[in-house]
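Data block below; observations after.
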Amino acid sequence: MFLLFVQGGQTLFNRLSDNESEKTVLVNTIGHKWEFTFTTLVVFGGAFFASFPMFYSTSFGGAYWVWYAILFAFILQAVSYEYRKKTNNFLGSQTFERFLMFNGLAAPFLLGVAVSTFFTGSPFSIDKTNIVKLGSNVEAIISQWQSPWHGLEALWTTSHLAFLQNILLGLAVLVLARLNSLLYVRKMVANQNIQNKVNKCVKKHSLLFLGLFLTWLIRLLFIEGFSVNPFNREIFMQAHKYGLNLIDNPALLIFLLLGLGLVLYGLFLANFKKAEKAFWFTGAGTVITVMALFFLAAFNYTAYYPSTYDLQSSLTLANSSSSRFTLIVMSYVSLMVPFVLAYIIWAWRAMDARKISEKELEQEIDKY
Amino acid sequence: MEHINWELVDWSRAQFALTALYHWIFVPLTLGLSFMLAIMETIYVKTGDKKWLKIEKFWLRLFGINFAIGVATGIILEFEFGTNWSNYSWFVGDIFGAPLAIEGIMAFFMESTFVAIMFFGWNKVSKKTHLLATWLTAIGSNLSALWILIANGWMQNPVGMHFNPDTMRNEMNDFWEVLFNPVAVNKFIHTITSAYTFSALFVIAVSAWLLLKGKDKTYAKYSMLVASVFGFMAILVTVFSGDGSAKQVAKYQPMKLAAMEGLYKGTRGAPLIAIGTPKHKNQKSLLQAIEDDLKGNNQLDVEVEGLEIPYGLSVLAFNDPHAFVPGIKDLVEGNPKENIRSYSDRIKSGKIAIEALAGYKKAKKAGNDLMAKNKLAVFKNHFKDFGYGYFEGHDLSELIPPVTITFISFHTMVALGTWFLLFFAMVYWAVMKDKIETKKWLLRLGVIGLPLGLIAQELGWITAEAGRMPWVIQDLMPTIVAVSHIDSLNVKITFALFFITFTALLIAELKIMATEIKKGFSN
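Quick mapping for you: the protein sequence lines, in order, are chains A and B. Quick note: the first sequence uses the working numbering, first residue 1, plus one each step. Quick note: the second sequence uses the working numbering, first residue 1001, plus one each step.
As structure tokens, then:
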């Protein structure tokens, strides 16, 4: 979610620039980081596959159109930076810029909607024994999505006002992506005109994000949630489930407040001090808040990927995860993460040591 | 199994084939050119000779154009296991997911972090740090190939796992067995060295074209020198590992080997077809003959018309000129003399396994532990035939891969590989003797080498994947049981979207690449 600032930036290229050379500065500033977001998405997919294969099987095979829309947006993004300014690029610069805009709008919005369904549920059923029912009238299908819209129904499911909740988070993630991007541009770009435009946008985006996200979060704490009976593993609806999860887990509450606090402090620095380091506070706050939300969806006997069609098909950590052996293997693998983070930080610092300006880009042969 | 939506299965397969084949247009160049860039940059850093920096930057520009579209086409493949092969994702996700996750953490981050320094870091980090970034990009991209090929190798030869009847899936019990799966190790070596071969062909083709146009002669010749040595070494290893691959196919996927060679009736001292096409004696296609035969029309005699190498196949498959190589008929109908069970027998056994598993679940639910124990024992005895059970009541020809496609793909790939060995040697000789500029015919062959190399690359994958049909996991799960439950119209739409998008992006890539090549080294 933090790295979606790249996508947010892609929706602001025209808004923050007055001419082609300013746009080139913005494209290069944001563009040098696109691979991080892209790679993180791929790793997210692989990690989910390895750790929660039933989620992978159910959500990707079921919410087909949501995931394909997201992936399609990323496919278009991957070539657009490289090809946008190249001579003889077949589709024209504007087309590649539209691809970047599409990726910038669709990916954060739909990812936000997808995450919100972790709390509002989706229409699917699961029966693992279907693959051994030979000769019966049953198709050999384990997970079945029960809506022909394959995930898009999250945008108009009226039951419990799920659509409202889903769209709110989608928009909140989109605005946050733009906000983080504004702060990154403020930190990295040496151009007064762009900076003036950033200044004008930050306050509006801050207010809009807070309005959308807090509405979503406060509503979340009071809606019915998908609870798991610890004794017989049955799933049932429980009032104020997610609010209760926070009360039952003070550590999680503190963690969530820490994330929110960092975002708020970042916004304070951004709006009242115009501080460049605001990006790191909102960024770290985003990471912590999102982690806290995932914990909120899954811990304390909660079904993290609930089914509104068949409650008992809902996915919990226990019924959808990999075997103990594989999880141990993956925990050894995750020992690599600090090492990976270390070289990413090193590379990031090396590449961001100097601000990007039109003058500097003029001297560069290799640029987007 | 009665309810099969063939349209869905076929379109899902078509989509995976489309996206995989498109992805593989770009990946070999990334795998090999990244190492050649590392070698060229090392020479530059060691010698300080600016000529090598110019060479490096030219190839880096082309690398960047190709890299972007390789990344774009690759993201879809990982997610397709979930979107289109949902049953598969649960049935083996416990084993298959791990290599994909490790690929992301170990390889993709390394590749994407250092590739940014490689492209944009010339003025931001020191010369040596840049060189390190170039090497790490090459290592990262090749590590990514390692993990995805471990995953693919596991599908061809599932090891290091057991079936857990309570969770209804296969679970990993030996990571090292998965990692050092002989099929995976061999597949990795064969695939990456063939990718290096293709990259060398690319460098030679571009350089040859520049020489034919009389442009940037010195740079082109130096590039050709690096590429011919790199390519020659790569194709040598490709050939040897291809031999190893054939032996593993013979051991673990005998039907694939039979299809690759169009071998209908098995024999001792089986010859290898050097050049030829498989045909029934009555001039029918091989598949028609097989279908006739399986329907009881008893038209067994199939032969391959062409040049044969006596004992070649027995040696290739088993290192023994007198070894028995089973043909399609032996595998389908069984051959008791050679201890080969028939498919009908395996289908019966598989059905027993599936029904025993269903019985186990039922008994467990009813709390009948004794019955559950008995059913489990039956299931375990028949588990190795599990996947065959799904073909109960089906035409046996569904268990035979597309023979003509597999045969032609395999033989064309081998023929091209043999040619490349000779070709690299000729180019090396001509460059070293400084005669390459005058050998116009060799330069023209060099330009043609690029599409030929790409054809060989794609045919290699077609051999490997079409040849293992109908299995997504050898003997355990056929394609008909692996698909996601979606209306086939959805898959048709995504197929069309990918086809149009990837084709448009490919055209863009080729046009941009051609323009950059025309600019030459001096730009």
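Backbone N, C-alpha and C define an ideal beta-carbon position, used for all residues, glycine too. In this text the structure is predicted, and so the values were computed from the model without any measurement.
In DSSP terms, what residue i is bridged to
i: A:Phe-226; result: A:Met-237
i: B:Lys-1237; result: According to the sequence shown, residue 1237 of chain B is Val rather than Lys. Paired residues: none, contrary to the question.
i: B:Arg-1268; result: B:Phe-1324
i: B:Met-1172; result: B:Met-1161
i: B:Trp-1471; result: B:Pro-1478
i: B:Ile-1533; result: No information on residue 1533 of chain B is available, as it lies outside the stretch 1001 to 1523 that chain B covers here.
i: B:Asn-1368; result: Paired residue(s): none; B:Asn-1368 is not in a bridge.
i: B:Asn-1335; result: B:Ile-1340
i: A:Ile-356; result: A:Val-189
i: B:Tyr-1360; result: Paired residue(s): none; B:Tyr-1360 is not in a bridge.
Residue environment, residue i, which counts as buried when at least 16 other CB atoms sit within 10 Å
i: A:Phe-281; result: buried
i: B:Asp-1049; result: exposed
i: A:Glu-20; result: exposed
i: B:Ile-1507; result: exposed
i: B:Leu-1489; result: exposed
i: B:Met-1040; result: buried
i: B:Asp-1094; result: buried
i: B:His-1411; result: buried
i: A:Val-337; result: exposed
i: B:Glu-1516; result: buried
i: A:Tyr-301; result: buried
i: A:Thr-286; result: buried
Nearest-angstrom Cβ-Cβ length linking residue i and residue j, presumed shorter than 8 Å
i: A:Gly-151; j: A:Trp-65; result: 5 Å
i: B:Leu-1316; j: B:Ala-1258; result: Actually they are not in contact, since the Cβ atoms of B:Leu-1316 and B:Ala-1258 sit about 13 Å apart, beyond 8 Å.
i: A:Ser-57; j: B:Trp-1011; result: Rounded, the Cβ-Cβ distance is 19 Å, inconsistent with contact.
i: B:Ala-1101; j: A:Gly-46; result: 4 Å
i: B:Ile-1347; j: B:Pro-1326; result: Rounded, the Cβ-Cβ distance is 18 Å, inconsistent with contact.
i: B:Asp-1385; j: B:Asp-1475; result: 7 Å
i: A:Thr-37; j: A:Leu-76; result: Not quite, the Cβ-Cβ distance comes to about 14 Å (not below 8 Å), so this is no contact.
i: A:Phe-72; j: B:Leu-1497; result: 7 Å
i: A:Thr-326; j: B:Met-1172; result: 5 Å
i: B:Gly-1389; j: B:Lys-1361; result: 15 Å between Cβ atoms; not a contact.
i: B:Thr-1030; j: B:Asn-1066; result: 6 Å
i: B:Gly-1231; j: B:Phe-1324; result: Going by Cβ atoms, the distance from B:Gly-1231 to B:Phe-1324 rounds to 37 Å, so no, they are not a contact pair.
i: B:Asn-1181; j: B:Ile-1150; result: 7 Å
Cβ-based neighbour list, residue i, same chain, cut-off 7 Å, excluding 5 preceding and 5 following
i: B:Ser-1144; result: Glu-1103, Ala-1107, Phe-1108 and Glu-1111
i: A:Ala-298; result: Tyr-304 and Leu-317
i: A:Pro-53; result: Ser-322
i: A:Val-290; result: Met-1
i: B:Asn-1087; result: Val-1481, Ala-1482 and Val-1483
i: B:Trp-1006; result: none
i: B:Val-1239; result: Gly-1417 and Leu-1421
i: B:Ser-1522; result: Asp-1216
i: B:Gly-1460; result: Ser-1194 and Met-1413
Rounded straight-line distance, which links the Cα of residue j to that of residue i
i: B:Ile-1004; j: B:Asn-1157; result: 25 Å
i: B:Asp-1216; j: B:Val-1447; result: 16 Å
i: B:Asn-1298; j: B:Ile-1309; result: Note that B:Asn-1298 has pLDDT 47, beneath the 50 cutoff, so the model's placement of it is unreliable and the number below is only indicative. Using only the alpha carbons, I get a separation of about 28 Å.
i: A:Arg-15; j: A:Lys-197; result: 8 Å
i: B:Phe-1079; j: A:Ser-227; result: 29 Å
i: B:Thr-1042; j: B:Val-1159; result: 40 Å
i: A:Met-101; j: A:Ser-80; result: 10 Å
i: B:Ala-1377; j: B:Gly-1387; result: 18 Å
i: B:Leu-1443; j: B:Ile-1192; result: 25 Å
i: A:Asp-127; j: B:Phe-1119; result: 49 Å
i: A:Phe-109; j: A:Leu-169; result: 8 Å
i: A:Thr-11; j: B:Tyr-1343; result: 58 Å
i: A:Thr-129; j: A:Tyr-309; result: 18 Å
i: B:Met-1036; j: B:Ala-1116; result: 18 Å
i: A:Ala-342; j: B:Phe-1175; result: 27 Å
Residues near residue i in its chain [Cβ-Cβ closer than 6 Å; skip 5 each side]
i: B:Leu-1198; result: Per the sequence shown, the amino acid found at residue 1198 of chain B is Phe instead of Leu. Here the set comprises Pro-1028, Gly-1453 and Gln-1457.
i: B:Ile-1480; result: Ile-1004 and Val-1009
i: B:Ile-1076; result: Thr-1019
i: B:Lys-1187; result: Leu-1149 and Gly-1153
Min CB distance residue i to chain E below 7 Å
i: B:Thr-1515; result: Judged by its chain identifiers, the structure shown contains no chain E, and its protein chains are A and B.
Beta-carbon contacts of residue i that lie in its chain and below 8 Å, excluding the five residues immediately before and after
i: B:Phe-1502; result: Leu-1018, Thr-1019, Tyr-1022 and Thr-1073
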